[in-house]
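Trainee:
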Amino acid sequence: TIGGKKDSESYQKIAADIGVKPADILFVSDLEGELEAARAAGVHVAAAIRPGNKPLSETADFPRISSFAEIRIA
2 TIGGKKDSES
12 YQKIAADIGV
22 KPADILFVSD
32 LEGELEAARA
42 AGVHVAAAIR
52 PGNKPLSETA
62 DFPRISSFAE
72 IRIA
């Protein structure tokens, strides 16, 4: 109900709704368009790499994870 996942404004609205700064959110997805929109909103992103997913483009510049265990919080 907030908006499309490929619209950066949606991520800003989500952050406002849950009362946190976009920079305090990590969004994980396997779709480049979603990752690009979230990053444009100031959200941290990680690309989920799983068997059967569409490969990311060669120019995609996102941290990649294949397991939530790879996420490190600083």
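If you read the sequence shown in the working numbering, its first letter stands for residue 2, the second for the next number, and so on.
The beta carbon of each residue, even a glycine, is placed where N, CA and C say it ideally should be.
Here the structure is a predicted model, which is why all the values come from computation and not from measurement.
#1: Mapping DSSP to helix, strand and coil, what is I66?
#2: Rank V21, G53, A16, G20 by C-alpha distance to the C-alpha of L32 and give the top, closest one.
#3: Distance check for T60 and G20, CA to CA, integer angstroms please.
#4: Determine the extent of the beta strand (DSSP E) in which L27 is found, giving its start and end residues.
#5: Measure the alpha-carbon distance for I4 versus S11 and round it to whole angstroms.
Mentor: Result, derived from the coordinates:
#1: Mapped onto the sequence shown, residue 66 falls at position 65. I66 falls in the strand class under three-state DSSP.
#2: Taking the sequence shown and counting its residues from 1, the one referred to as residue 32 is at position 31. If we check each option's Cα against that of L32, G53 comes out closest.
#3: In the sequence shown, the residue the question calls residue 20 occupies position 19. In the sequence shown, the residue the question calls residue 60 occupies position 59. Spanning the two alpha carbons is a distance of roughly 33 Å.
#4: As a working mapping, residue 27 is identified with position 26 in the sequence shown. Per DSSP, L27 belongs to the beta strand (DSSP E) from 27-30.
#5: Working through the sequence shown from its first residue, we reach residue 4 at position 3. Working through the sequence shown from its first residue, we reach residue 11 at position 10. Going by the sequence as given, residue 4 is Gly instead of Ile. About 5 Å.
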